[in-house]
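K.L.:
Before I ask anything, here is the structure I am working with.
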């Protein structure tokens, strides 16, 4: 394990302030900032279509066929490439743009004292979201689908094996890595059981307005955020994915789980279509 926290490697790029290059056990490399700045980021809608909504997250939580999920060494490379500019991990890791990631397993969302989390992340922590294999996998796949309003600008990691590798690397920095399901050699293939969203269902906005009476008893039609997040002006796909996450228990709020559990695909699509037509006025 490296003797220093893992940060973005210094290469002279603007904003690159890390001292990881030359750390024993970590080969010097050019900054992922430079590589990332010339690469085309994943578009949110493309990612939704290619992963969450096409069933990439629809496998059972426990597969019948055992296999080692992730390669932590590959995960280290992914961490350097995608995460290290904002997050630190390892001995003496500190909060930076994002919170430090030591001992993340079983930690509540938004739980690191002193770090300024988004309102959305704070709410999810209050609601009971904790970082398990399943919730980390879902969050890495599409951060905004799991935590509305997250400040993390990362668009998501579409490749399931990449997520396995990164989670295996994060596991190394947990207090009890042997207790985490993907620990070799007993790891089972696992992904959140999030069925494909009904993209083929065209939402009826008028029907959605009729159904919305229960929603607006808590959520403000003006888009105001007064302790309860706004759902006005959401893209329909984001709305549908969020409701599916509640139905599957990935989002922990018990009231929203109950409300989402009452709705069928047509009703979810109708509500998504209706709230997408509204413009925030507050």
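Numbering (the working numbering), first residue to last: 755 to 1036. For each residue, glycine too, the CB sits at the ideal point set by N, CA and C.
Using 10 angstroms around the beta-carbon of residue 1035, count the other beta-carbons present and answer buried if the total reaches 16, otherwise exposed.
P.N.:
exposed
K.L.:
Is the beta carbon of residue 891 sitting closer than 8 Å to the one on residue 829?
P.N.:
no
K.L.:
For the alpha helix (DSSP H) containing residue 1006, list its first residue and its last residue.
P.N.:
Unbroken run through residue 1006: none, as it is neither H nor E.
K.L.:
When you compare only the Cα positions, how much space is there between residue 1026 and residue 966?
P.N.:
10 Å
K.L.:
Tell me whether residue 1012 is buried or exposed, calling it buried when 16 or more other Cβ atoms sit within 10 Å of its Cβ.
P.N.:
exposed
K.L.:
On the criterion of 16 or more Cβ atoms from any shown chain inside 10 Å, does residue 960 qualify as buried, or is it exposed?
P.N.:
Exposed.
K.L.:
Out of 854, 887, 990, state which residue places its alpha-carbon closest to the alpha-carbon of residue 871.
P.N.:
In terms of CA proximity to residue 871, 854 leads the group 854, 887, 990.
K.L.:
Could you tell me the alpha carbon to alpha carbon distance between residue 995 and residue 850, rounded to whole angstroms?
P.N.:
Going from the Cα of residue 995 to the Cα of residue 850 covers about 30 Å.
K.L.:
Which residues in the same chain have their Cβ closer than 6 Å to the Cβ of residue 984, if we skip the five residues on either side of it in sequence?
P.N.:
977
K.L.:
Taking the alpha-carbon positions, what's the residue 1039 to residue 997 distance?
P.N.:
One cannot answer for residue 1039 here, as it falls past the ends of the chain, which runs 755 to 1036.
K.L.:
What did DSSP end up calling residue 863 once you bin it into helix, strand or coil?
P.N.:
Here residue 863 sits in coil by DSSP.
K.L.:
To the nearest angstrom, report how far apart residue 927 and residue 858 are at their CA atoms.
P.N.:
Distance between the alpha carbons of residue 927 and residue 858 is about 8 Å.
K.L.:
Is it right to say residue 982 is buried, meaning 16 or more other beta carbons lie within 10 angstroms of its own, or is it exposed?
P.N.:
exposed
K.L.:
Going by alpha carbons, who is nearest to residue 1054 out of 845, 832, 875, 860?
P.N.:
This structure cannot settle anything about residue 1054, because the visible part of the chain is limited to 755 through 1036.
K.L.:
Go ahead and label residue 846 buried or exposed: buried means 16 or more other beta carbons lie within 10 angstroms of its beta carbon, across all protein chains shown.
P.N.:
Around the beta carbon of residue 846, a 10 Å sphere encloses fewer than 16 other beta carbons of the protein chains shown; the residue is thus reported as exposed.
K.L.:
In the DSSP assignment, the alpha helix (DSSP H) including residue 833 goes from what residue to what residue?
P.N.:
Neither: residue 833 is in no alpha helix (DSSP H) and is coded neither H nor E.
K.L.:
Considering just the uninterrupted stretch of the alpha helix (DSSP H) at residue 918, what are its terminal residues?
P.N.:
914-925
K.L.:
Once DSSP output is grouped into helix, strand and coil, what is the label at residue 725?
P.N.:
The displayed coordinates of the chain run from 755 to 1036. Any statement about residue 725 would go beyond what the structure contains.
K.L.:
Leaving out five residues before and five after residue 916 in sequence, what residues of the same chain have Cβ atoms less than 7 Å from its Cβ?
P.N.:
832
K.L.:
Considering just the uninterrupted stretch of the alpha helix (DSSP H) at residue 876, what are its terminal residues?
P.N.:
873-881
K.L.:
How would you call residue 971, buried or exposed, if buried means at least 16 neighbouring beta carbons within 10 angstroms?
P.N.:
exposed
K.L.:
How about residue 957 and residue 990: do their beta carbons lie closer than 8 Å?
P.N.:
A contact, by the Cβ cut-off of 8 Å.
K.L.:
On the three-state DSSP scale, how would you describe residue 1022?
P.N.:
In this structure, residue 1022 counts as helix in the three-state DSSP scheme.
K.L.:
Taking the alpha helix (DSSP H) that residue 992 falls in, what are its first and last residues?
P.N.:
990-1001
K.L.:
Going straight from the alpha carbon of residue 964 to that of residue 826, what length do you get?
P.N.:
Approximately 50 Å between the Cα atoms of the pair.
K.L.:
According to DSSP, which residues form a beta bridge with residue 884?
P.N.:
862
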